[in-house]
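Participant: Here it is, the structure in full.
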Amino acid sequence: AQSVTQLGSHVSVSEGALVLLRCNYSSSVPPYLFWYVQYPNQGLQLLLKYTTGATLVKGINGFEAEFKKSETSFHLTKPSAHMSDAAEYFCAVSSDTGRRALTFGSGTRLQVQP
Amino acid sequence: NAGVTQTPKFQVLKTGQSMTLQCAQDMNHNSMYWYRQDPGMGLRLIYYSASEGTTDKGEVPNGYNVSRLNKREFSLRLESAAPSQTSVYFCASTVGERGSYEQYFGPGTRLTVT
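Note that the protein sequences, when read in sequence, are chains A and B. For the first sequence, the residue numbers in the working numbering are 34 to 147. For the second sequence, the residue numbers in the working numbering are 2 to 115.
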């Protein structure tokens, strides 16, 4: 079985400040990890993914995440927040090789203050 | 490419009514999925189809049925809608490459059951 925990359902930062969204996962086999972003009334868009190889992955819009196996974490960061980053962010894990379905965290809503 | 498309965008049903949510993808993906999104719960898998001609239950299948009509289309049916099925429904598909597991999402259907 696999699961994802996102710490903090709401995070508020000032424009220009560091963004840190936390994600911890559990998986009995090596996981594939994803961060998706959802803007209001839209579908989910892939920000970045980790499958194998380099543990620091870079995504779109200046976001990056680091896979830390020892900590079972995949935290999302961005050095400087922009107003347009305000959205809901979902961490997801896939380690079920049969169905290939994703298990999602409950989401973190990021608010960016001017 | 249109990607993943869903119809309708919005729907209001009365308890006991039935309806079918349509999903189509033009990326030649093998696997397709239906999720529901509820506040504070992330996305939960309802049904999935690993390939044309196959379907299987996900985490929350009760009250739903699916049909994989062909490789492109995967529909979700509510036979007798209940207020607990008020949600946003997302269809997704995977590239299908071994180990990729990246999913592409449609824009969603917002369903209200009164």
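Note that the Cβ used here is the ideal one computed from N, Cα and C, for glycine as well.
Would you say Gly76 (chain A) faces chain B, with C-beta separation under 9 Å as the test?
Facilitator: Taking 9 Å as the CB threshold, Gly76 (chain A) lines the interface with chain B.
Participant: Could you spell out where the beta strand (DSSP E) holding Leu81 (chain A) opens and where it closes?
Facilitator: Leu77 to Tyr83
Participant: Using a 10 Å radius around the Cβ and a threshold of 16 neighbouring Cβ atoms, would you call His30 (chain B) buried or exposed?
Facilitator: buried
Participant: Is there a C-beta anywhere in chain B that falls below 9 Å from the one on Gly86 (chain A)?
Facilitator: no
Participant: So, does the CB of Pro9 (chain B) fall closer than 9 Å to a CB anywhere in chain A?
Facilitator: no
Participant: Let me check one thing: in DSSP terms, what residues is Asp57 (chain B) bridge-paired to?
Facilitator: DSSP output for Asp57 (chain B) lists B:Tyr49 as bridge partner(s).
Participant: For Pro108 (chain B) and Leu22 (chain B), I'd like the C-alpha separation in whole angstroms.
Facilitator: 12 Å
Participant: Helix, strand or coil for Met33 (chain B), going by three-state DSSP, please let me know.
Facilitator: strand
Participant: Got a sec? Which residues, its chain only, sit under 7 Å from Phe107 (chain A) by beta carbon, not counting five neighbours each side?
Facilitator: Cys56, Tyr58, Leu66, Tyr83, Ala98, Phe100 and Cys124
Participant: Smallest Cα separation from Glu80 (chain B): which of B:Tyr105, B:Val67 and B:Arg111?
Facilitator: B:Val67
Participant: Taking C-beta to C-beta, are Thr87 (chain B) and Thr113 (chain B) nearer than 9 Å?
Facilitator: yes
Participant: Would you mind telling me which residues of chain A sit closer than 7 Å to Tyr34 (chain B), beta carbon to beta carbon, in chain order?
Facilitator: Within 7 Å Cβ-Cβ: Ala134.
Participant: Is the beta carbon of Thr110 (chain B) sitting closer than 9 Å to the one on Pro9 (chain B)?
Facilitator: yes
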